[in-house]
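K.L.:
The sequence shown runs 205 to 646 under this note's numbering.
Before we start, here is the structure in question, set down as structure tokens.
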Amino acid sequence: MKKLFGTDGVRGVAGEFLTSEFSYKLGKYIADYFIGGEGKKVFIASDTRESKDMIKLSLAAAITSMGLDVYDLNVTSTPEASYIISKNDSLFGIVVSASHNPYEYNGIKVFNKNGYKLADEVEEAIETNMLECKELKKPERFGNFITDEIDKTEYVSYLRTLMNDYSGLKIVCDMSNGANYVTAKEVLNASGAEMIYIHDEPNGRNINKNCGSTHLESLIDTVKVNKADIGIAFDGDADRLLVVDNEGKIMDGDHILAALATYLKKHDKLKKNKLVATIMSNIGLKKYLDTIGVELDVTSVGDRYVLAELIKDDLSLGGEQSGHIILKDYQNTGDGLLSAIFLINAMVELKKTAAELNGLMKTYPQVLLNAKVTNEIKNKVLEIESVKNAIDELIKNNPDMRVVIRPSGTEPLLRVMLEGEDEDELKRLAKDLVDLIERETK
């Protein structure tokens, strides 16, 4: 069982869990693991949090002390960093980001030379070596920290080639005061659309603050006031996308997947007529896919598991309700900007409004609550007899209800999700279960 790495790298409050000392030590063991592999360069990027330099420079000091050259990508989104890592003779790469979390948090995401997030077994090996203080390899030289040799224009050019002409469309883009605040403009300003940008002035502390994919209120208002055709929102590191349609309604990852599956299938680009989603996807997604002849594969929660299934089965599309969308034939990780481009392409080519695409699938009531538990116990809660009995009774009494309970991979929480027909009843039952879990774990 991993203790440091969660579902999306290492994450915690900067300066408390994620200190410069911790980052330095982890950096050494990450470098130690990869030394001797194919590739020469190590790339490191970050989002806009004020703690980015403390963590990034600690990692860089550690990695260069192990004899490797580190190339600084500065503020760069996770998908852009993944793209650069995959194209430039990399040994590995790191993104310093806590994604959708508040600015107080930060994280360390590690990518292999192909721009993929590390497999569980690799993270476990690095973690075990670090926790057991394994002897490190002795470097023959010290590496360099390089800041001025990185061409970041290729990613922008690549995304521009995938866009249709958006002339006549009005698009609102919420940058979340995050890593995409420059690149997204460089791409979308070439689209022909009338662009309106909000939350595009990061100051180190306003990333995700009342904005972005986790706070869509201001995007909804801006779309309505400006009568925009669509609103798109990224999270702090821009690896996820949520959308507001032209009627001001939210389009989550399930609805985006339904629209993209329809679009790709029409163009014979949905491999094996199959799509990958997680156990948290709404049952409405499967019901819609059934009507268009698309099969649904289900994985554990986490875009890494979606990607692993896409690779294993050679599929082209997968994602999460939270907005991680992976277009595997075009990118190695979730990419909010790429996903937005394909969704707007679908609007243009299918001649449908965002609201019409949003309405392809019916959403069944789904209630998600968080039970506050410690990290030490969150993986053991379902072994508590009273909790286990309550869940068994819930399922027995509600055979048509879907119950999903899982520990958060990044926070001290247990996610409780109920899905069925009656939302009020779902809310009551979910709250009762959360209350029981919190009582039994105090």
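Each residue gets a CB set at the ideal place from its N, CA and C atoms; glycine is no exception.
Note that the coordinates shown come from a computational prediction; the quantities given were computed from them, not determined experimentally.
Relative to the alpha-carbon of D636, which residue among A594, L541, G624 and P616 has its alpha-carbon at the smallest distance?
P.N.:
Counting from 1 along the sequence shown, the entry for residue 636 is found at position 432. Of the candidates A594, L541, G624 and P616, the one whose C-alpha sits nearest the C-alpha of D636 is A594.
K.L.:
Looking at the structure shown, is E405 part of a helix, part of a strand, or coil, going by DSSP?
P.N.:
What you label residue 405 is simply residue 201 of the sequence shown in a count that begins at 1. E405 falls in the coil class under three-state DSSP.
K.L.:
For V217, write down the residues that DSSP places opposite it in a beta bridge.
P.N.:
Stepping through the sequence shown from its first residue, residue 217 is reached at position 13. Its beta-bridge partners are Y309.
K.L.:
Tell me the rounded alpha-carbon separation between D378 and I436.
P.N.:
Here residue 378 corresponds to residue number 174 of the sequence shown, with the count starting at 1. Here residue 436 corresponds to residue number 232 of the sequence shown, with the count starting at 1. Computed Cα separation, rounded: 6 angstroms.
K.L.:
Count the other CB atoms within 10 Å of the CB of V429; is the residue buried (16 or more) or exposed (fewer)?
P.N.:
Residue numbering aside, residue 429 sits at position 225 when the sequence shown is read from its first letter. Answer is exposed; the Cβ neighbour count stays below 16.
K.L.:
Between the Cα of L542 and those of A558, S303, E553 and I529, spot the shortest distance and give me the residue it belongs to.
P.N.:
Residue numbering aside, residue 542 sits at position 338 when the sequence shown is read from its first letter. For the residues A558, S303, E553 and I529, the minimum Cα distance to L542 belongs to I529.
K.L.:
If you reduce the DSSP assignment to three classes, tell me which class P283 lands in.
P.N.:
Residue 283 sits at position 79 when you count from the first residue of the sequence shown. Residue state, collapsed to three classes: helix.
K.L.:
So, helix, strand or coil for I354, using DSSP?
P.N.:
Position 150 of the sequence shown, counted from the first residue, corresponds to residue 354. Looking at I354 - three-state DSSP - the assignment turns out to be coil, as it is neither helix nor strand.
K.L.:
Which same chain residues end up closer than 6 angstroms to T567 when comparing Cβ atoms and leaving out the 5 residues on each side of it in sequence?
P.N.:
Indexing the sequence shown from 1 puts residue 567 at position 363. Here the set comprises N486 and G488.
K.L.:
Rounded to whole angstroms, what's the CA-CA distance from T466 to L277? Just pull it up for me.
P.N.:
Taking the sequence shown and counting its residues from 1, the one referred to as residue 466 is at position 262. Taking the sequence shown and counting its residues from 1, the one referred to as residue 277 is at position 73. Using only the alpha carbons, I get a separation of about 36 angstroms.
K.L.:
Using the Cα positions of L423 and I402, report the straight-line distance between them to the nearest angstrom.
P.N.:
Your numbering for residue 423 matches position 219 in the sequence shown. Your numbering for residue 402 matches position 198 in the sequence shown. If I take the Cα positions, the gap works out to 8 angstroms.
K.L.:
Can you list, in chain order, the residues of its chain whose CB lies under 7 angstroms from that of I483, leaving out five sequence neighbours each side?
P.N.:
For this step, residue 483 is matched to residue 279 along the sequence shown. Correct list, in chain order: V502, S504, V505 and V608.
K.L.:
If we call anything under 7 angstroms between Cβ atoms a contact, is A462 one with L564?
P.N.:
The residue labelled residue 462 in the question sits at position 258 within the sequence shown. The residue labelled residue 564 in the question sits at position 360 within the sequence shown. Yes, they are a contact pair.
K.L.:
Out of curiosity, what's the CA-to-CA distance linking E627 and T365?
P.N.:
Counting from 1 along the sequence shown, the entry for residue 627 is found at position 423. Counting from 1 along the sequence shown, the entry for residue 365 is found at position 161. Near 44 angstroms, if we compare the C-alpha coordinates of T365 and E627.
K.L.:
Among residues of its own chain, excluding the 5 on either side of N562, which ones have a beta-carbon nearer than 7 angstroms to its beta-carbon?
P.N.:
Stepping through the sequence shown from its first residue, residue 562 is reached at position 358. Excluding residues within five positions, the ones whose Cβ falls inside 7 angstroms are D449, K453, M455 and H459.
K.L.:
Under a Cβ-count criterion, where at least 16 other Cβ atoms within 10 Å of its own Cβ denotes burial, should R345 be classed as buried or exposed?
P.N.:
Against the sequence shown, residue 345 aligns to sequence position 141. The residue in question, R345, is exposed, as its Cβ has fewer than 16 Cβ neighbours within 10 Å.
K.L.:
Counting Cβ pairs closer than 8 angstroms, one from the region 316 to 326 and one from the region 276 to 292, do we hit at least three?
P.N.:
As far as the Cβ criterion goes, the region 316 to 326 touches the region 276 to 292, which means the pair count is three or higher.
K.L.:
Could you tell me which uninterrupted beta strand (DSSP E) segments, each at least 3 residues in length, are contained entirely in the region 365 to 419, listed from first to last along the chain?
P.N.:
Segments of the beta strand (DSSP E) lying fully in the region 365 to 419: 374 to 378 and 398 to 402.
K.L.:
Between which residues of its own chain and A496 is the CB-CB distance below 8 angstroms, once the five residues before and five after are set aside?
P.N.:
Taking the first residue of the sequence shown as 1, we reach residue 496 at position 292. Looking at the sequence shown, residue 496 is not Ala but Ile. Taken in chain order, the residues that qualify are A465, T466 and K469.
K.L.:
Counting C-beta neighbours from all protein chains within 10 Å, is the total for H304 16 or more, i.e. buried, or is it exposed?
P.N.:
Here residue 304 corresponds to residue number 100 of the sequence shown, with the count starting at 1. When all chains shown are included, H304 counts as buried.
K.L.:
CB of D257 to nearest heavy atom of the ligand NAP: below 6 angstroms?
P.N.:
Among the components of this structure there are no ligands whatsoever, and the ligand NAP is therefore not found.
K.L.:
Looking only at C-alpha atoms, which of I350, D251 and V552 sits nearest to D441?
P.N.:
What you label residue 441 is simply residue 237 of the sequence shown in a count that begins at 1. Ranking the options by Cα distance to D441, first place goes to D251.
K.L.:
For H331, which residues in the same chain have their Cβ closer than 7 angstroms to its Cβ, ignoring the five residues on either side in sequence?
P.N.:
The residue you call residue 331 lines up with position 127 of the sequence shown. The residue you asked about is not His; residue 331 is Glu in the sequence shown. Around E331: K206, K207, L208 and F209.
K.L.:
Would you mind giving the Cβ-Cβ distance between V571 and L519, rounded to the nearest angstrom? I have them listed as a contact below 8 angstroms.
P.N.:
Here the question's residue 571 lines up with position 367 in the sequence shown. Here the question's residue 519 lines up with position 315 in the sequence shown. Wrong, their Cβ atoms sit about 30 angstroms apart, outside the cutoff.
K.L.:
Quick one: give me the first and last residue of the alpha helix (DSSP H) that G231 is part of.
P.N.:
By one-based count along the sequence shown, residue 231 stands at place 27. Taken as a continuous stretch (DSSP letters only), the alpha helix (DSSP H) holding G231 covers S224 to F238.
K.L.:
Is the separation between the beta-carbon of F296 and that of N310 shorter than 7 angstroms?
P.N.:
Working through the sequence shown from its first residue, we reach residue 296 at position 92. Working through the sequence shown from its first residue, we reach residue 310 at position 106. No, they are not a contact pair.
K.L.:
Taking V552 and N368 to be in contact with their CB atoms under 8 angstroms, please state how far apart those CB atoms are, rounded to whole angstroms.
P.N.:
Working through the sequence shown from its first residue, we reach residue 552 at position 348. Working through the sequence shown from its first residue, we reach residue 368 at position 164. Sure, about 5 angstroms apart at Cβ, within 8 angstroms.
K.L.:
Would L479 pass as a contact of V510 if the rule is Cβ separation under 7 angstroms?
P.N.:
On the sequence shown, position 275 is the one that residue 479 refers to. On the sequence shown, position 306 is the one that residue 510 refers to. No, Cβ-Cβ distance for L479 and V510 is not below 7 angstroms.
K.L.:
Which value, in whole angstroms, describes the spacing of the CA atoms of K582 and K389?
P.N.:
For the purposes of this step, residue 582 is taken as residue 378 along the sequence shown, with counting starting at 1. For the purposes of this step, residue 389 is taken as residue 185 along the sequence shown, with counting starting at 1. Distance between the alpha carbons of K582 and K389 is about 41 angstroms.
K.L.:
Which ranges does the beta strand (DSSP E) cover as unbroken runs of at least 3 residues, wholly within the region 440 to 511, from first to last along the chain?
P.N.:
Segments of the beta strand (DSSP E) lying fully in the region 440 to 511: 445 to 449, 478 to 482 and 499 to 503.
K.L.:
Out of E242, A218 and L272, which has the shortest C-alpha to C-alpha gap to K256?
P.N.:
Position 52 of the sequence shown holds residue 256. When only C-alpha atoms are compared, the closest one is A218.
K.L.:
So what does P611 bridge to, in DSSP terms?
P.N.:
Locating residue 611 in the sequence shown gives position 407, counting from the first residue. L618.
K.L.:
What would DSSP say about T557, mapped onto helix, strand or coil?
P.N.:
Start at 1 with the first residue of the sequence shown, and residue 557 comes out as number 353. Reduced to three states, the DSSP call for T557 is coil.
K.L.:
Flag this pair as yes or no: are the beta carbons of G347 and L420 separated by less than 7 angstroms?
P.N.:
Here the question's residue 347 lines up with position 143 in the sequence shown. Here the question's residue 420 lines up with position 216 in the sequence shown. Result no, Cβ atoms of G347 and L420 do not sit closer than 7 angstroms.
K.L.:
On the premise that V391 lies in contact with T426, defined as a C-beta separation below 8 angstroms, what is that separation, rounded to the nearest angstrom?
P.N.:
Start at 1 with the first residue of the sequence shown, and residue 426 comes out as number 222. Start at 1 with the first residue of the sequence shown, and residue 391 comes out as number 187. Incorrect: roughly 20 angstroms between the Cβ atoms, too far for contact.
K.L.:
Is it right to say R444 is buried, meaning 16 or more other beta carbons lie within 10 angstroms of its own, or is it exposed?
P.N.:
Numbered from its first residue, the sequence shown carries residue 444 at position 240. Classification for R444: buried.
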